[in-house]
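Q: Structure provided below as structure tokens; questions to follow.
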């Protein structure tokens, strides 16, 4: 039987992804409410939707099946009514991580996102994806804080929206059966997620902003073994990963936040010229999409995609 779900890598072939095309809820983002929703300010709604559609079209152009949350829940009046009040639902990445054994529901720290995972839980169930578990308070972690180096190595940032109890819950749920290593990375203060600081474009190539990854030692947890502490960049180098460093301006403009659709093929914002060239100069393919409005949600293409199936 062919694999139906599971996305325990960042750089494999992206076969199926769950996204949410927002609607009138974007009008709820005003000068007064923007920070509460995690936006830098109000958006031009038609332009925001045009940019979202360009991202979805780019994914489809690579052969990725784009599944829309509103289509899956089209007959669920409760879920649709709830989503109409949640402009952050666009960022499906943060709500769940789909492993080979099922989906792991996240626990939202930010007030503008609390309560949202039940919507994606309902959608995943309707898509036939079992729920493997969920993180519960006082544990908080969002999907943008989790990356996979490979199918057996998970990287989790200890950041503004992740707490240590969540990482310990991940260890209890996953170590041994589903992954062999969980690497806790304490990032710089003020950083929301690791996917704005590190992204794997292939098994041996990553974009990163090392100054905010190596301030403190990372901790490697393995089942039945004592934790190991090591700088994250040393850990990545040990595993043969070339790290291409962005500068601070590029980091702030989401030039790390690509979504990989296949090894060395990735979609990022159109203005990420140097990172596009870094990928292309290594024989890869980088596609740029417009994002002047999308980035007002303090997010990039990676944030707007919840992978359901990668190979």
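Residue numbers (my numbering): 53 to 363.
Beta carbons: idealized from backbone N, C-alpha and C, even for Gly.
Please read all numbers here as calculations on a predicted model, not as lab measurements.
(1) So for residue 280, helix, strand or coil by DSSP?
(2) Within 10 angstroms of the Cβ of residue 299, are there 16 or more other Cβ atoms? Answer buried if so, exposed if not.
(3) Using 8 Å for Cβ pairs, my map puts residue 90 next to residue 147. What's the rounded Cβ distance?
(4) So, helix, strand or coil for residue 294, using DSSP?
(5) Considering only C-alpha positions, which residue in the set 132, 176, 158, 173 is nearest to residue 221?
(6) Using only the alpha-carbon positions, how far apart do residue 283 and residue 273 sit?
(7) Using the DSSP secondary-structure output, state which residues sit across from residue 144 in a beta bridge.
(8) Tell whether a beta-carbon distance below 8 Å holds between residue 339 and residue 144.
(9) Which runs of the beta strand (DSSP E) at least 3 residues long sit entirely within the region 126 to 203? Give them in chain order.
(10) Quick check on this structure: which residue in 318, 313, 328 has the alpha carbon closest to the alpha carbon of residue 59?
(11) Could you name the residues that DSSP lists as bridge partners for residue 319?
(12) For residue 177, count neighbouring C-beta atoms within 10 Å of its own C-beta (all shown protein chains included) and say buried if the count is 16 or more, exposed if not.
(13) Is the region 212 to 221 touching the region 234 to 252, taking contact as three or more C-beta pairs under 8 Å?
(14) Starting from residue 110, trace the alpha helix (DSSP H) in both directions and tell me its first and last residue.
(15) Do residue 359 and residue 69 have their CB atoms nearer than 8 Å?
(16) Following the continuous beta strand (DSSP E) through residue 207, name the residue where it begins and the one where it ends.
(17) For residue 254, collect the residues of the same chain with a Cβ closer than 7 Å to its Cβ; drop the 5 residues on either side in sequence, then sort them by chain order.
(18) Give me the Cα-Cα distance between residue 327 and residue 55, rounded to the nearest whole angstrom.
(19) Who are the Cβ neighbours of residue 166 in its own chain at under 6 Å, not counting the five residues just before and after it?
(20) Would you kindly check if the distance between the Cβ of residue 295 and the Cβ of residue 262 is under 8 Å?
(21) Between the region 97 to 110 and the region 343 to 351, do three or more beta carbon pairs fall short of 8 Å?
(22) Apply the 10 Å Cβ neighbour rule to residue 140 and answer buried if 16 or more other Cβ atoms are within range, or exposed otherwise.
(23) Identify the continuous alpha helix (DSSP H) that holds residue 91 and give its terminal residues.
(24) Can you tell me whether residue 238 is helix, strand or coil according to DSSP?
(25) Given this structure, state the Cα-to-Cα distance separating residue 287 from residue 252, to the nearest angstrom.
(26) Which two residues bound the contiguous alpha helix (DSSP H) that contains residue 363?
(27) Give the DSSP bridge partners of residue 225, in chain order.
(28) Here's the rule I'm using: 16 or more other beta-carbon atoms within 10 Å means buried, otherwise exposed. How should residue 304 be labelled?
(29) When you compare each of 97, 240, 204, 179 to residue 211 by their alpha carbons, which one comes out closest?
(30) Can you look up residue 333 in the DSSP assignment and give me helix, strand or coil?
(31) Among residues of its own chain, excluding the 5 on either side of residue 204, which ones have a beta-carbon nearer than 6 Å to its beta-carbon?
(32) Do residue 197 and residue 245 come within 8 Å of each other at the CB atom, strictly closer than that value?
A: Walking through what the data contain:
(1) Within the chain shown, the letter at position 228 stands for residue 280. It is a strand residue.
(2) Position 247 of the chain shown, counted from the first residue, corresponds to residue 299. Answer is exposed; the Cβ neighbour count stays below 16.
(3) Taking the chain shown and counting its residues from 1, one reaches residue 90 at position 38. Taking the chain shown and counting its residues from 1, one reaches residue 147 at position 95. Not a contact, Cβ separation roughly 14 Å.
(4) Here residue 294 corresponds to residue number 242 of the chain shown, with the count starting at 1. Strand, per DSSP.
(5) The sequence position of residue 221 within the chain shown is 169, counting from 1. Residue 158 is the option with its Cα nearest to residue 221.
(6) Taking the first residue of the chain shown as 1, we reach residue 283 at position 231. Taking the first residue of the chain shown as 1, we reach residue 273 at position 221. Taking the straight line joining both Cα atoms gives about 14 Å.
(7) Taking the first residue of the chain shown as 1, we reach residue 144 at position 92. Per DSSP, none; premise fails for residue 144.
(8) The residue labelled residue 339 in the question sits at position 287 within the chain shown. The residue labelled residue 144 in the question sits at position 92 within the chain shown. No, the pair does not count as a contact, with Cβ atoms beyond the cut-off.
(9) 148 to 151, 154 to 157, 183 to 186, 198 to 202
(10) Numbered from its first residue, the chain shown carries residue 59 at position 7. Closest option to residue 59, Cα to Cα, is 313.
(11) Here residue 319 refers to the residue found at position 267 when the chain shown is read from its first residue. Per DSSP, 311, 339.
(12) Locating residue 177 in the chain shown gives position 125, where the first residue counts as 1. Residue 177 comes out exposed.
(13) yes
(14) On the chain shown, residue 110 is found 58 positions in, with the first residue counted as 1. Residue 110 -> alpha helix (DSSP H) spans 97 to 113.
(15) Here the question's residue 359 lines up with position 307 in the chain shown. Here the question's residue 69 lines up with position 17 in the chain shown. In contact: residue 359 and residue 69 (Cβ atoms closer than 8 Å).
(16) The residue you call residue 207 lines up with position 155 of the chain shown. Where residue 207 is concerned, the enclosing beta strand (DSSP E) stretches over 205 to 210.
(17) Against the chain shown, residue 254 aligns to sequence position 202. Answer for residue 254: 63, 315, 316, listed in chain order.
(18) For this step, residue 327 is matched to residue 275 along the chain shown. For this step, residue 55 is matched to residue 3 along the chain shown. Cα to Cα, residue 327 sits roughly 32 Å from residue 55.
(19) Taking the chain shown and counting its residues from 1, the one referred to as residue 166 is at position 114. 160.
(20) Along the chain shown, read from residue 1 onward, the residue named residue 262 stands at position 210. Along the chain shown, read from residue 1 onward, the residue named residue 295 stands at position 243. In contact: residue 262 and residue 295 (Cβ atoms closer than 8 Å).
(21) yes
(22) As a first step, residue 140 is located in the chain shown; it is residue number 88 there, counting from the start. That one is buried.
(23) Position 39 of the chain shown, counting from 1, holds the residue named residue 91. From DSSP, residue 91 is part of no alpha helix (DSSP H); its letter is neither H nor E.
(24) Taking the chain shown and counting its residues from 1, the one referred to as residue 238 is at position 186. Reduced to three states, the DSSP call for residue 238 is strand.
(25) In the chain shown, the residue the question calls residue 287 occupies position 235. In the chain shown, the residue the question calls residue 252 occupies position 200. Cα-Cα distance, rounded: 14 Å.
(26) By one-based count along the chain shown, residue 363 stands at place 311. Run containing residue 363: none; DSSP gives neither H nor E here.
(27) On the chain shown, position 173 is the one that residue 225 refers to. Note: residue 225 sits in no beta bridge, so no partner.
(28) Here residue 304 refers to the residue found at position 252 of the chain shown. It is exposed - the Cβ of residue 304 has fewer than 16 other Cβ atoms within 10 Å.
(29) Numbered from its first residue, the chain shown carries residue 211 at position 159. When only C-alpha atoms are compared, the closest one is 240.
(30) Residue numbering aside, residue 333 sits at position 281 when the chain shown is read from its first letter. It is coil, neither helix nor strand.
(31) Taking the first residue of the chain shown as position 1, residue 204 is located at position 152. Around residue 204: 231, 232.
(32) As a first step, residue 245 must be located in the chain shown, where it is residue number 193. As a first step, residue 197 must be located in the chain shown, where it is residue number 145. Result yes, Cβ atoms of residue 245 and residue 197 sit closer than 8 Å.
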